[in-house]
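Novice: Numbering (this note's numbering), first residue to last: 806 to 1025. For glycine and all other residues, C-beta sits at the position ideal for the given N, C-alpha and C. If you scroll down you'll find the structure; I have some questions about it.
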Amino acid sequence: MTVTIPGYDTVVSKETDGSGVSRRSFIVGAGVPAFAAAVGVASPRDAAAAAPPAARSGGRAKSDGPQAVPIALTINGERRELSVEPRVTLLDALRERLHLTGTKKGCGQGTCGACTVLVNGRRIDSCLTLAIMHQDDRITTIEGLANGDELHPVQAAFLEHDGFQCGYCTPGQIVSAVGFLAEKRGLEDATVREYMSGNICRCGAYPNIVSAIQDAGKRA
Ligand code: FES
Ligand code: FES
């Protein structure tokens, strides 16, 4: 009988190959690694572990991934230059690199709206887009809405109408509301609820959030 072991050039024949390895011990024993040790060759796993890093990656030097690339964003009216790896989301760039932590990370997968920012006036989930996709874009975060000590009308309305409880969703709600009001879709209850439905409030402050948005919309 001839046995060829995947990953080896070695071929072993008959009941024993002269090294004391029987077919039965090959089949019933500990499998390829033990067999390989018995015949004096390294198993594929051991060989891989012992190989230098370049050999482990097929002869190429080990890579940690694409390198950081320089980008420039206009954030809240200010040009910001930074260097980010292509995998970095806009949300992480804002929070971790630029320390604009008003924009919250909730789900990280486009479900809750806590990470809402305006990009060129359009509201988006910043957890679902990569920072490098926004070269030269205008980005507005919750930190960019107030004018000095003067709150944005939507911020003021949220305060006036108690449009929050824990407050975690609130930056996303407010930024989204600013975008919604700019879209001029109307202020009926159903319209506000429909077009703000991407912003989840786990505290259930929806009635007050809707009132705040309607009030800010009427004053605009
Ligand atoms: S954190 Fe982006 S949608 Fe939830
Ligand atoms: S105020 Fe708590 S999640 Fe909305």
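1) Is THR916 near ligand 1, in the sense that its beta carbon is under 7 Å from a heavy atom of that ligand?
2) Below 8 Å on the Cβ atoms is my contact criterion, and I expect LEU992 with LYS1023 to pass it. Report the Cβ-Cβ distance as a whole number of Å.
3) Let me have the residue list for ligand 2: C-beta closer than 6 Å to any non-hydrogen atom, ordered along the chain.
4) In three-state terms, what does DSSP make of VAL893?
5) Taking the CB atoms as reference points, tell me whether ALA995 and ILE1018 lie closer together than 8 Å.
6) Compare the C-beta of PRO871 against all C-beta atoms of chain C and say whether one is closer than 8 Å.
7) Alpha carbons only, please: which of GLU883, ASP897 and TYR1000 is nearest the one belonging to GLU988?
8) Report all residues from its chain with a CB closer than 6 Å to the CB of GLY1003; omit the five preceding and five following residues, and keep chain order.
9) For SER1016, which of helix, strand or coil comes out of DSSP?
10) Which word fits CYS971, buried or exposed, when buried means at least 16 other C-beta atoms lie within 10 angstroms of its C-beta?
11) Could you check which residue in ARG884, ILE929 and VAL893 has the C-alpha nearest to that of VAL874?
12) Should ALA1010 be labelled buried (16 or more other beta-carbon atoms within 10 Å of its own) or exposed?
13) If you follow the alpha helix (DSSP H) that ALA877 is in, where does it begin and where does it stop?
Specialist: Result, derived from the coordinates:
1) Taking the first residue of the sequence shown as position 1, residue 916 is located at position 111. The answer is yes for THR916.
2) The residue you call residue 992 lines up with position 187 of the sequence shown. The residue you call residue 1023 lines up with position 218 of the sequence shown. Between LYS1023 and LEU992 the Cβ distance is about 7 Å, and since that is below 8 Å, they are a contact.
3) PHE969, GLN970, CYS971, GLY972, TYR973, CYS974, THR975, CYS1006, ARG1007, CYS1008 and ALA1010
4) Numbered from its first residue, the sequence shown carries residue 893 at position 88. Note: VAL893 maps to coil in three-state DSSP.
5) Along the sequence shown, one-based indexing puts residue 995 at 190. Along the sequence shown, one-based indexing puts residue 1018 at 213. It is not a contact, given that the beta carbons lie outside the stated cut-off.
6) Protein chain content of the structure displayed is limited to a single chain, and chain C is not contained in it.
7) As a first step, residue 988 must be located in the sequence shown, where it is residue number 183. Among GLU883, ASP897 and TYR1000, the Cα nearest to that of GLU988 is on TYR1000.
8) The residue given as residue 1003 occupies position 198 in the sequence shown. So the list reads GLY918, once near-sequence residues are dropped.
9) Counting from one through the sequence shown, the residue named residue 1016 turns up at place 211. SER1016 falls in the helix class under three-state DSSP.
10) Position 166 of the sequence shown holds residue 971. Exposed: under 16 other Cβ atoms inside 10 Å.
11) Residue 874 sits at position 69 when you count from the first residue of the sequence shown. If we check each option's Cα against that of VAL874, VAL893 comes out closest.
12) To locate residue 1010, count along the sequence shown from 1; it is residue 205. Looking at its Cβ environment, which holds 16 or more other Cβ atoms inside 10 Å, ALA1010 is buried.
13) The count along the sequence shown starts at 1 and reaches residue 877 at position 72. Here ALA877 belongs to no alpha helix (DSSP H); instead the beta strand (DSSP E) covers 874 to 880.
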